[in-house]
Amino acid sequence: MDFDDVEVSVVEAAIHRGCDQCGGHWDGGRIVVRGDEVVGVTCQSCVDDREIRGSTSRLLH
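In our numbering, the protein residues as written are 768 to 828.
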């Protein structure tokens, strides 16, 4: 198995798992891998929402 095979299987696992935050389909975003196991998936919409909320809370403090 080469690097491209591993990369494809991680993306396939993320698509099958779905987003941990909203339960929706993974459409790009973040994948957390530990060893050979996908342990976290966040879709791009949830990533964007978290970054917007994070920057807003930093401005308020």
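Every residue, glycine too, gets a C-beta built ideally from N, C-alpha and C. Please read these numbers as outputs of a predicted model, since none were measured by experiment.
Query, Result
"The beta strand (DSSP E) enclosing glycine 796, as first and last residue numbers", "796 to 801"
"Glycine 802 versus glycine 796 - alpha carbon distance", "19 angstroms"
"DSSP three-state assignment for cysteine 810, whether helix, strand or coil", "strand"
"Counted within 10 angstroms of its Cβ, other Cβ atoms place cysteine 786 as buried (16 or more) or exposed", "buried"
"Spatial distance of glycine 807 from valine 778 (CA atoms)", "12 angstroms"
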